[in-house]
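Chemist: Below are the structure tokens for one structure; questions will follow.
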Amino acid sequence: MQQNSIKVTILTGFLGAGKTTLLNHIISQNPQTQYAIIENEFGKIPLDQELIDGPKEGIFELANGCICCNINEELLKVLTKLITSDFKFDHLLIETTGIADPLSVAATFMFDPHLQGIFSLDGIIALADAPTVLERIEQESVTAKQLSAAHNILLNKTDLLPKEEWNKVKEVLASLNPFAEIIPCQFGQVDNEHLFDLRKRDYKMVEKADQPIHHQHGQIRSFTWQSGNALDLHKFEAWLSMFLPMNPSVYRVKGKLYSKTYDRKIIVQSVGTQFYFTQGSLFEEERGDNMLVFIGNNLDQESIKKALSDCEIN
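Following the working numbering, the numbering of the sequence shown begins with 6 at its first residue and continues without gaps.
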């Protein structure tokens, strides 16, 4: 049996973004860490294992299916095999197929009671191909989901991006994910500070957020709801538990809440159709405030605002 709290990093990004190159970079830059690797190749013949440098005994493949949907049962089998085997590892890396929704993978580790006692999600890293990312966002909704899910976005192949397009690309990525750091790179070469302990940093980013975000790129919208009134957390939880399953076009909900029941900020984040609360820092003032950021496709802002208003305690 493995020790508790094995860190998990999920690598996501559309086809050709450079995920396997980044995976090799992580392995080579951290020789002191023993990694286990789960590869998800969408097709009958898995190929990526041959592209990974280093020993092969800790590499597991999930082929002929997307890790976020029809082979989650196989993922659980592989995880069980890992933690009951004699193979010792400190960190689990999961490279998803280019069409996977990483939040569904993350949910496996965040909401399964058994896995929660063994693994700890360290972060989701999304790779984006700088010259083609805007086109991908327009053509493939899953690209927007991958980018909005990430704790950090690595903008790969920036040497091939014309300088006049840089600001536009950065603006769109920041609107899709205002809490992620956008890191330009070539060949997935980035420092460890941009790769690990990302979820902890993410909490701090959400806590400190105070600027409203309103943006539209095609059908993808992001907007911020703010209020100085305390929320009835039971009403809010009931609404969100119905809202998310009924609105699959909502990619992410993140923010901080003010409740009279607690003297600390309540951090809320959605993971697919599920969500979770964590307690943040103490409010500096006697009264707090609420700030929620919604990111998705064709968001009905007015109905969302109305529902949230109904959760307020005036």
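Every residue, glycine too, gets a C-beta built ideally from N, C-alpha and C. The model shown is predicted, which means the values in this text are computed figures rather than measured ones.
1) Any idea what DSSP makes of Q284, helix, strand or coil?
2) Count the other CB atoms, across all protein chains shown, that sit within 10 Å of the CB of T14; report buried if there are 16 or more and exposed otherwise.
3) Residues in the same chain with beta-carbon distance under 8 Å from T266, minus the five sequence neighbours each way, listed in chain order, please.
4) In terms of residue numbering, what span does the beta strand (DSSP E) encompassing E100 cover?
5) Expressed to the nearest angstrom, what Euclidean distance is found between the alpha-carbon atoms of E198 and V147?
6) Note down the Cα distance separating L200 from P253, rounded to an integer number of angstroms.
7) Using a threshold of 9 Å, state whether the C-beta atoms of Y256 and G301 are closer than that.
8) Which two residues bound the contiguous alpha helix (DSSP H) that contains V138?
9) Where does the unbroken beta strand (DSSP E) through A3 begin, and where does it stop?
10) Going by DSSP, name the residue or residues bridged to L262.
11) Quick one: give me the first and last residue of the beta strand (DSSP E) that K93 is part of.
12) Answer yes or no: do H330 and I11 have a C-beta to C-beta separation smaller than 9 Å?
13) In this structure, how does DSSP classify A154 when only helix, strand and coil are distinguished?
14) If you drop the 5 nearest sequence neighbours on each side, which residues of the same chain put their C-beta closer than 7 Å to that of L287?
15) Does DSSP put N182 in a helix, in a strand, or in coil?
16) Helix, strand or coil for A214 per DSSP?
17) Pull up the DSSP beta-bridge partners for I296, would you.
18) Three or more C-beta pairs under 8 Å: does that hold for the stretch 119-136 against the stretch 152-161?
19) V211 and V174 look like a contact to me (Cβ under 8 Å); what is the Cβ gap, rounded to whole Å?
20) So, with DSSP's three-state summary, where would you put I104?
21) Could you have a look at N29 and say whether DSSP puts it in helix, strand or coil?
22) How big is the Cα-Cα spacing for G277 and V258?
23) Beta carbon of N295, beta carbon of R226: below 9 Å?
24) Report yes if the C-beta distance between F241 and C316 is below 9 Å; otherwise report no.
25) Taking its Cβ as the centre, do 16 or more other Cβ atoms sit within 10 Å of Q284, making it buried, or is it exposed?
26) Helix, strand or coil, according to DSSP, for L166 in the structure here?
27) Does the distance from the CB of L181 to the CB of L203 come in under 9 Å?
28) Would you list the one or two residues that DSSP bridges to G301?
29) I'd like the list of long-range same chain contacts for Q224, defined as Cβ closer than 7 Å, with 5 residues on each side in sequence excluded.
30) Taking only the alpha-carbon atoms, compute the straight-line gap between M251 and Q279 and give it to the nearest angstrom.
Modeler: In short:
1) As a first step, residue 284 must be located in the sequence shown, where it is residue number 279. In the structure shown, Q284 adopts extended strand secondary structure according to DSSP, grouped into three states.
2) If you number the sequence shown from 1, residue 14 lands on position 9. Flag for T14 reads buried.
3) Residue mapping note: residue 266 aligns to position 261 of the sequence shown, counting from 1. Excluding residues within five positions, the ones whose Cβ falls inside 8 Å are L238.
4) If you number the sequence shown from 1, residue 100 lands on position 95. From DSSP, the beta strand (DSSP E) with E100 extends over 96-100.
5) Mapped onto the sequence shown, residue 198 falls at position 193. Mapped onto the sequence shown, residue 147 falls at position 142. Taking the CA atoms as reference points, E198 sits about 27 Å from V147.
6) Translated into positions along the sequence shown, residue 200 becomes position 195. Translated into positions along the sequence shown, residue 253 becomes position 248. Straight across, the Cα-Cα distance linking L200 with P253 is about 28 Å.
7) Residue 256 sits at position 251 when you count from the first residue of the sequence shown. Residue 301 sits at position 296 when you count from the first residue of the sequence shown. In this structure, Y256 places its C-beta atom within 9 Å of the C-beta atom of G301.
8) Residue 138 sits at position 133 when you count from the first residue of the sequence shown. The continuous alpha helix (DSSP H) containing V138 extends over residues 138-144.
9) Since the displayed the chain opens at 6 and closes at 319, residue 3 lies outside it and no answer follows.
10) Counting from 1 along the sequence shown, the entry for residue 262 is found at position 257. The secondary-structure analysis by DSSP pairs L262 across a beta bridge with I271.
11) Taking the first residue of the sequence shown as 1, we reach residue 93 at position 88. Counting along the chain, K93 sits inside no beta strand (DSSP E), nor does DSSP assign it H or E at all.
12) Since the first residue of the chain shown is 6 and the last is 319, residue 330 is not available in this structure.
13) As a position in the sequence shown, residue 154 is number 149, starting the count at 1. In the structure shown, A154 sits in a helix (DSSP, three-state: H, G or I).
14) For this step, residue 287 is matched to residue 282 along the sequence shown. Same-chain partners within the cutoff: D268, R269.
15) Translated into positions along the sequence shown, residue 182 becomes position 177. Secondary structure at N182: coil, using DSSP grouped into helix, strand and coil.
16) The count along the sequence shown starts at 1 and reaches residue 214 at position 209. Note: A214 maps to coil in three-state DSSP.
17) Translated into the one-based positions of the sequence shown, residue 296 becomes position 291. Note that residue 296 is Met in the sequence shown here, rather than Ile. According to DSSP, which records beta bridges pairwise, M296 is partnered with Q231, K261.
18) Below 8 Å, enough C-beta pairs join the stretch 119-136 and the stretch 152-161 to call them touching: three or more.
19) Residue 211 sits at position 206 when you count from the first residue of the sequence shown. Residue 174 sits at position 169 when you count from the first residue of the sequence shown. The Cβ separation is near 24 Å, so there is no contact.
20) The residue labelled residue 104 in the question sits at position 99 within the sequence shown. In the structure shown, I104 falls within a coil segment according to DSSP collapsed to helix, strand and coil.
21) In the sequence shown, the residue the question calls residue 29 occupies position 24. Under the three-state reduction of DSSP output, N29 falls in the helix class.
22) Here residue 277 is taken as the residue at index 272 of the sequence shown, counted from 1. Here residue 258 is taken as the residue at index 253 of the sequence shown, counted from 1. Just so you know, the alpha carbons of G277 and V258 end up roughly 9 Å apart.
23) On the sequence shown, residue 295 is found 290 positions in, with the first residue counted as 1. On the sequence shown, residue 226 is found 221 positions in, with the first residue counted as 1. Note that the C-beta distance between N295 and R226 is not below 9 Å.
24) Residue 241 sits at position 236 when you count from the first residue of the sequence shown. Residue 316 sits at position 311 when you count from the first residue of the sequence shown. With respect to the 9 Å criterion, F241 and C316 are classified as neighbours on the basis of their beta carbons.
25) Taking the sequence shown and counting its residues from 1, one reaches residue 284 at position 279. When all chains shown are included, Q284 counts as exposed.
26) By one-based count along the sequence shown, residue 166 stands at place 161. DSSP places L166 in coil when its eight states are reduced to three.
27) Taking the sequence shown and counting its residues from 1, one reaches residue 181 at position 176. Taking the sequence shown and counting its residues from 1, one reaches residue 203 at position 198. No, they are not a contact pair.
28) As a first step, residue 301 is located in the sequence shown; it is residue number 296 there, counting from the start. Bridge pairing for G301: R226, V255 [DSSP].
29) Here residue 224 refers to the residue found at position 219 of the sequence shown. Beyond the five residues adjoining it in sequence on each side, Q224 comes within less than 7 Å, by CB distance, of N302, N303 in the same chain, given in chain order.
30) Counting from one through the sequence shown, the residue named residue 251 turns up at place 246. Counting from one through the sequence shown, the residue named residue 279 turns up at place 274. Take the alpha-carbon of M251 and the one of Q279: they are about 12 Å apart.
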